[in-house]
Every structure is written in structure tokens, then in C-alpha cells.
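*Asks:* Per my numbering, the sequence shown starts with residue 15, numbered consecutively. Mind looking over this structure? Questions follow.
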Amino acid sequence: MSPERAPDAAPDAPPQAVSAATPPDTPEPRVSRRWWHPRQVDVTGRSTTEIEQSLTGRLLNPATGSRLWGWIGALLVTAVAAVLRLVHLERPARLVFDETYYVKQAYSLLTLGYEGDWNEEPDENFAAGDFSDLRTEADYVVHPSVGKWMIAFGMRFLGAETPWGWRISAAVIGTLSVLLLARIGRRLFSSALLGCTAALFLAVDGVHITMSRVAILDIFLQFWILAAFGAVLLDREQYRRRLAARAATELATHGRFRDPWGPRVGMRWWLLVAAVCLGLACGVKWSGIYAVAVFGIVVVAWSVTARRAVGAPLWFGGGALRDGIPSFFAFVPTSAAVYVLTWLPWWLNPNSYNRQWATEVNAAAQAPQRTWMPDWLNSWWEYHLKMWDFHNGLVSEHTYMSHPAGWLIQWRPTSFAWRDVEDATSMDLCGAERCVGAITSVGNPIVWWGAALALLLVLWAALRRGDWRAWAILAGYAATYLPWFAYAHRTIFTFYTVALVPFVALTLTFAIGALLGSRELPLRERRPGIWTAAAIVILAVVVGAFYWPVWSNQWVPYWFWRLHILLPSWV
């Protein structure tokens with residue numbers, strides 16, 4: 015199905031949607047082209063069911079394809095993702111990059127209930143199963159604990175003495191993200207095929223694979239943001255079905271709306287689910303707060319356009335106030351409450367870092383801060399101020415730091431691990447005189463470079479045609495990518511784009527949908543686009559297989575590793 019709509023259609027209406035009760039030769043009522051006018055609804059001689067069918071056709075795009083095959087396809091792609099993320103997960107058998115922080119912090123959460131400090135250079139002992147370097151003194155950490163607790167769950171079940179225990183949670187969460195995107199893509203594009211295509215792009219992407227194979231926080235942030243995005247899409251569907259049903263009842267009974275704002279729709283439970291997910295995202299990393307803001311705006315915008323589509327006279331006020339205010343209170347306070355609750359272990363353990371600051375430091379200060387706060391809250395607030403100062407002041411140079419302007423083309427990917435062997439053992443490792451074992455977090459070039467071009471199509475579809483799906487994808491970019499430009503002065507890395515990768519995959523899938531064309535076109539007219547789309551998908555899979563050894567720390571000949579370095583900035 016083409017991701018485009020007819021130019022004169024409402025932003026949320028598929029071009030072919032008409033009431034089943036309308037004879038083919040019956041002209042539709044003339045629709046005002048002025049954006050501020052509500053759409054007209056013809057209720058003459060129609061029953062409640064017929065009006066509801068017509069409004070539902072305006073508000074929602076029906077999914078295509080078998081539900082069974084939609085699930086089978088999604089599970090098959092997820093199985094591929096699982097293989098790419100689980101095979102040789104133990105390599106390398108040492109802590110790499112920021113695992114040195116988060117794995118040890120996760121272990122100390124299991125052991126002490128809080129993040130404890132460690133003796134100098136404990137990584138080799140830790141990897142060997144010797145945890146004696148952990149001290150009872152609390153450590154100053156700069157991220158909340160949700161992601162570290164998720165790592166700890168894997169260590170609890172598989173053991174802290176094995177890399178499988180460190181990394182299994184990340185691998186499982188990364189695999190589940192692929193399944194989530196398959197179902198999200200199905201709803202977004204109204205096509206099981208396109209949903210599975212988006213999931214396949216995610217399954218074979220290098221940023222997502224590498225981040226699913228190392229135990230650091232960003233894959234967990236990505237998961238909760240993606241889950242929230244899926245819940246927002248489900249809320250959109252449920253809200254619009256309710257709105258269509260209640261609007262049809264009023265229009266069939268009275269011939270008009272009793273309230274110019276339109277009908278009430280009741281409690282929106284999927285918004286609460288989205289809010290819980292975003293609260294957990296913020297509990298992994300604070301960057302989840304941008305998704306709270308962006309998705310909240312999207313929810314209100316979709317409510318406004320839905321009320322216009324059903325013909326509510328004061329559609330903007332109805333969407334912004336009747337829906338917007340309850341949505342705000344269901345969304346923002348819930349996210350905040352969930353985030354605060356993630357700190358409960360910190361409050362319950364008196365030995366946590368900064369837990370006694372208010373009583374031991376602030377109380378003895380010459381000018382105590384915020385004395386009107388309870389000590390437990392004041393200590394928590396002071397800790398947040400310290401974390402904020404750290405994140406804004408982190409300007410230490412790093413070899414792989416990068417500017418977000420280059421992230422969409424993966425200009426400077428992050429190297430997580432590198433070993434170069436050129437001795438008598440090299441022939442045993444890779445069959446060559448010089449062997450390399452690397453984890454290079456570079457995205458699949460077909461996916462990322464193709465999506466960079468496809469983003470122009472998405473922007474055009476959003477701005478010129480008002481396509482809601484394009485706006486939904488752009489909301490993902492606004493939530494996970496654009497905020498980093500405000501922090502370009504500090505030390506940041508390309509691997510942060512793992513939270514963006516699902517929307518990159520959706521962007522390329524949007525272009526694939528355009529290539530496939532409308533279902534109403536004869537196959538012979540769609541064949542060139544079908545072949546081009548198939549070539550892109552196949553090429554992405556082939557390139558993913560080619561890059562997998564350097565995403566997963568497999569020993570390869572040095573010359574083979576060099577074949578993967580397409581840009582000088584990748585080294």
C-alpha cells in the first residue's frame with residue numbers, strides 16, 4: 015500500500031475510504047478546502063451503523079493481509095534477529111566500553127541493593143569471576159537504575175561470572191524490539207508485509223545488533239520508547255473507533271452534535287500504558303523525557319484532526335481541551351510518577367549514594383539549601399542537581415565522540431572493542447597472518463543511507479500531503495535525534511542513535527511502500543517498483559550478513575575487516 019494519500023483527503027483519511035452504504039454513483043458531499051472548516055458528514059437517510067462505518071473509514075486505515083500471517087511473518091523476522099544477537103554472545107569474554115560501569119553497577123545492585131564503589135582496575139578480576147573488588151561505599155553514578163536493574167535480571171538468572179549473564183538482557187530486549195516494530199509497522203502502514211519489512215531492516219542493522227550484544231543502557235532506552243510509540247498508536251486507533259461510534263450515534267439521533275466540541279470518548283487506557291513505558295525510559299536515561307514531550311504533542315494533534323474529520327464544529331477546542339487536558343493528566347503525571355517510583359530502592363536503602371546528604375551535609379552547612387523540603391526529598395533533589403551538572407559539563411575528549419549532524423549517515427561510528435593479532439596464533443584464529451576481532455557499531459549502510467534519502471520523501475509527505483504516518487515517523491526523529499543538537503558541545507557518541515534506529519527502519523519502509531504503489535494499480539504498473547523494493551530489502555540483508563562478523567567480535571583476517579571500512583572516518 016502506498017504511504018501517500020490523495021491531496022484533497024483529510025490528513026487522517028485513506029483516499030479510498032467510503033461508506034459501504036453509499037452507492038458507487040452517489041457523489042460525496044463537497045468538502046471545504048479550507049483547513050479550519052470541519053469536514054462535512056452526510057447523515058441523510060443513513061443509519062447509525064452506516065454513519066459509523068463512513069466515519070471509521072475516514073479516521074482509520076484498515077490493515078491488509080491475514081492476521082495469522084502477520085504474526086507468522088513477525089515471528090520469523092524475530093527469529094532471525096535472535097540468531098544475530100545471541101550467537102557467540104560471550105565474545106569478547108571481557109568488559110568492553112561502558113560495560114565497565116553498567117555491568118559492575120548491576121552486580122552491586124544485586125549484591126548491596128545500591129551501586130557500590132570498586133577498587134581500581136577491577137575489570138580483569140570481574141571477568142574472571144572474582145568480585146572481591148566491590149566495596150560497601152556507595153558510588154556516584156549519573157544515570158537512574160532501571161537499565162541497570164534490567165541487566166541485573168540477566169545476571170541473576172545466568173550468573174555474574176559469565177558474559178552471557180551480563181549481556182542476555184540486552185540481547186533479549188533487542189530481539190523483542192524487532193517483534194514490536196513488526197507489529198507497530200503493521201498498524202502504521204496498514205500492511206503486514208511492510209511491518210515485517212521494517213522489522214527486517216531493524217533485525218539486520220549494525221547499531222541495533224551491536225547495542226543488543228553489549229550490556230550498556232541505550233538498548234533499554236530504545237525498547238521503552240518504542241513500546242510507548244506502539245501504545246500511542248494503539249491509543250489513536252481505540253480513540254478514533256470510540257469517537258466514530260459516539261459521533262455516529264449523535265448524528266443519527268439528532269442530525270447534529272449536541273455539543274459543538276463533539277462527543278466525549280472516555281478513559282484512554284493505552285495512554286496510561288505509554289506513560290508507564292516513558293516513565294521507565296526516563297528511569298533508564300533522562301533523554302526519555304523528550305519522548306514524553308513529543309509523543310504528548312502528537313496525541314493532542316491526532317485528537318484535534320480526528321474531531322475535524324468527524325465534523326465537530328469546534329474541532330480544535332474539542333481536541334485541544336476536551337481531549338488534550340485529560341490526556342495531559344493521564345500522560346505527564348503518570349510518566350513522572352513511574353520515574354519517581356523507580357527510585358524507591360534508593361530511598362529504601364540508607365547506604366545509597368547521597369541518601370543522607372540532607373542530614374549529614376546540608377544540616378551542617380552555613381547556608382542550608384531547601385530547608386522547607388523533607389530530608390528524603392531534599393537529598394534526592396540534590397542528587398539530581400549533581401547528575402544534571404555532570405551531563406551538561408561532560409566535555410572530555412574521546413576518540414570516538416561525534417557530532418549529531420553526521421549521525422544519519424553514520425559518519426563517525428563507535429568502536430566498542432578492537433584486538434589485532436599478528437603472531438603465531440593468528441593462523442588458528444582466522445586462517446591468516448594477521449587477525450582482527452572488532453565490535454564496530456556502524457549502521458547497515460543500505461538501511462542508514464537509504465533512510466537518509468527516504469527521509470526527504472517522508473518530509474515531503476508530511477508537509478505537502480499531511481500524511482499522518484509521515485508525521486508519526488518524524489515524531490520519532492524529534493524525540494530521539496533532534497534534542498542531541500542541544501548537547502553537541504559535550505561528549506556524545508553515534509551509538510546513541512540506537513533509540514532512533516526503529517524510526518530509521520520505518521523511514522526506509524515508507525519509501526518501500528511508495529515503490530510498491532497502491533493496491534488498486536494493476537500488477538504490471540507496479541512491477542518496476544516491486545523489483546526495486548525487493549532489491550533494496552535483499553541488499554540490506556546481504557550487507558547485514560557481510561558486516562555481522564565486525565559487529566559481533568568474530569576473528570577475521572585484517573584484509574577482510576578493511577573491506578568493511580567504507581569511509582576514512584570509520585577508523
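We put the CB at the ideal spot given by N, CA and C, even for glycine.
So the candidates are A484, R483, Q424 and F140; which of them puts its Cα closest to the Cα of H222?
*Replies:* Start at 1 with the first residue of the sequence shown, and residue 222 comes out as number 208. Here the closest residue by C-alpha is Q424.
*Asks:* Between the alpha carbons of T523 and A489, how many angstroms are there, rounded?
*Replies:* Position 509 of the sequence shown, counting from 1, holds the residue named residue 523. Position 475 of the sequence shown, counting from 1, holds the residue named residue 489. The alpha-carbon atoms of T523 and A489 are separated by roughly 16 angstroms.
*Asks:* Could you tell me the distance, in whole angstroms, from the CA atom of E42 to the CA atom of I65?
*Replies:* Looking up residue 42 in the sequence shown gives position 28. Looking up residue 65 in the sequence shown gives position 51. Bear in mind that a pLDDT of 45 at E42, under 50, signals an unreliable position, so the number given afterwards is only what the model happens to contain. One C-alpha to the other measures close to 13 angstroms.
*Asks:* My output table needs one value for A266: the three-state DSSP class, helix, strand or coil.
*Replies:* Position 252 of the sequence shown holds residue 266. A266 falls in the helix class under three-state DSSP.
*Asks:* Buried or exposed: V585, going by 16 or more other Cβ atoms within 10 Å of its Cβ?
*Replies:* Counting from one through the sequence shown, the residue named residue 585 turns up at place 571. Flag for V585 reads exposed.
*Asks:* Less than 8 angstroms between the C-beta atoms of T521 and I487, yes or no?
*Replies:* What you label residue 521 is simply residue 507 of the sequence shown in a count that begins at 1. What you label residue 487 is simply residue 473 of the sequence shown in a count that begins at 1. Result yes, Cβ atoms of T521 and I487 sit closer than 8 angstroms.
*Asks:* Ignoring anything shorter than 4 residues or poking outside the segment 401–454, list the alpha helix (DSSP H) runs there in chain order.
*Replies:* Counting whole runs of 4 or more residues, the segment 401–454 contains the alpha helix (DSSP H) stretches 440–444.
*Asks:* Out of T413, A96, A242 and A88, which has the shortest C-alpha to C-alpha gap to I182?
*Replies:* The count along the sequence shown starts at 1 and reaches residue 182 at position 168. Ranking T413, A96, A242 and A88 by Cα distance to I182 puts A96 first.
*Asks:* Mind reading off the beta-carbon distance from I453 to A554? Whole number of angstroms is fine, and I expect it under 8 angstroms.
*Replies:* Here residue 453 corresponds to residue number 439 of the sequence shown, with the count starting at 1. Here residue 554 corresponds to residue number 540 of the sequence shown, with the count starting at 1. I453 to A554, Cβ: 20 angstroms. No contact.
*Asks:* Alpha carbon to alpha carbon, how far is G220 from C210? Give it in angstroms, no decimals.
*Replies:* For the purposes of this step, residue 210 is taken as residue 196 along the sequence shown, with counting starting at 1. For the purposes of this step, residue 220 is taken as residue 206 along the sequence shown, with counting starting at 1. Between C210 and G220, the C-alpha separation is close to 18 angstroms.
*Asks:* Alpha carbon to alpha carbon, how far is L422 from S349? Give it in angstroms, no decimals.
*Replies:* As a first step, residue 349 is located in the sequence shown; it is residue number 335 there, counting from the start. As a first step, residue 422 is located in the sequence shown; it is residue number 408 there, counting from the start. When rounded, the distance between both Cα atoms is 29 angstroms.
*Asks:* Check whether the Cβ atoms of A323 and G332 sit closer than 8 angstroms, and answer yes or no.
*Replies:* By 1-based counting over the sequence shown, the position of residue 323 is 309. By 1-based counting over the sequence shown, the position of residue 332 is 318. No.
*Asks:* Taking just the CA atoms, how far does G457 sit from W463?
*Replies:* Stepping through the sequence shown from its first residue, residue 463 is reached at position 449. Stepping through the sequence shown from its first residue, residue 457 is reached at position 443. Near 9 angstroms, if we compare the C-alpha coordinates of G457 and W463.
*Asks:* For the alpha helix (DSSP H) that contains G527, what are its first and last residues?
*Replies:* If you number the sequence shown from 1, residue 527 lands on position 513. Where G527 is concerned, the enclosing alpha helix (DSSP H) stretches over V515 to L530.
*Asks:* Give me the DSSP bridge partner(s) of P571.
*Replies:* Stepping through the sequence shown from its first residue, residue 571 is reached at position 557. BP columns for P571 point to C449.
*Asks:* In whole angstroms, give me the CA-to-CA distance for T58 and R270.
*Replies:* Position 44 of the sequence shown holds residue 58. Position 256 of the sequence shown holds residue 270. Rounded to whole angstroms, T58 to R270 spans 11 angstroms at the Cα level.
*Asks:* Could you name the residues that DSSP lists as bridge partners for G199?
*Replies:* Your numbering for residue 199 matches position 185 in the sequence shown. Its beta-bridge partners do not exist; DSSP assigns none.
*Asks:* Any contact of the segment 194–207 with the segment 80–88, i.e. 3+ C-beta pairs under 8 angstroms?
*Replies:* Counting Cβ pairs under 8 angstroms, three or more are found: they touch.
*Asks:* Tell me whether A549 is buried or exposed, calling it buried when 16 or more other Cβ atoms sit within 10 Å of its Cβ.
*Replies:* Working through the sequence shown from its first residue, we reach residue 549 at position 535. Exposed, since its Cβ has fewer than 16 Cβ neighbours within 10 Å.
*Asks:* Pull up the distance between the alpha-carbon of V354 and that of N392, whole angstroms please.
*Replies:* What you label residue 354 is simply residue 340 of the sequence shown in a count that begins at 1. What you label residue 392 is simply residue 378 of the sequence shown in a count that begins at 1. Distance between the alpha carbons of V354 and N392: 14 angstroms.
*Asks:* Helix, strand or coil for L148 per DSSP?
*Replies:* Taking the first residue of the sequence shown as position 1, residue 148 is located at position 134. L148 falls in the strand class under three-state DSSP.
*Asks:* State the start and end residues of the unbroken beta strand (DSSP E) segment that holds F480.
*Replies:* Mapped onto the sequence shown, residue 480 falls at position 466. Residue identity differs from the one stated: residue 480 is Gly in this sequence, not Phe. That residue, G480, is in no beta strand (DSSP E); it is neither H nor E in DSSP.
*Asks:* Sorted by chain position, which residues of the same chain lie with C-beta nearer than 8 angstroms to P158's C-beta, five sequence neighbours on each side aside?
*Replies:* If you number the sequence shown from 1, residue 158 lands on position 144. The residues are C296, G297, V298, K299, W300, Y353, T356 and W357.
*Asks:* Which first and last residues belong to the alpha helix (DSSP H) in which G220 is found?
*Replies:* Residue numbering aside, residue 220 sits at position 206 when the sequence shown is read from its first letter. Element bounds for G220: G220 to S226.
*Asks:* Cα separation between W482 and Y510?
*Replies:* For the purposes of this step, residue 482 is taken as residue 468 along the sequence shown, with counting starting at 1. For the purposes of this step, residue 510 is taken as residue 496 along the sequence shown, with counting starting at 1. Rounded to whole angstroms, W482 to Y510 spans 26 angstroms at the Cα level.
*Asks:* Could you compute how far the alpha carbon of V450 sits from the alpha carbon of V564?
*Replies:* Counting from 1 along the sequence shown, the entry for residue 450 is found at position 436. Counting from 1 along the sequence shown, the entry for residue 564 is found at position 550. Distance between the alpha carbons of V450 and V564: 9 angstroms.
*Asks:* On a Cα-Cα basis, can you pick out the residue from R282, H398, A307 and Y115 that is closest to A344?
*Replies:* Here residue 344 refers to the residue found at position 330 of the sequence shown. Out of R282, H398, A307 and Y115, R282 has the C-alpha closest to the C-alpha of A344.
*Asks:* Tell me which residues share the same chain as W575 and place their Cβ nearer than 7 angstroms to its Cβ, disregarding the 5 neighbours each side in the sequence.
*Replies:* As a first step, residue 575 must be located in the sequence shown, where it is residue number 561. Hits under 7 angstroms: V450, A452 and V564.
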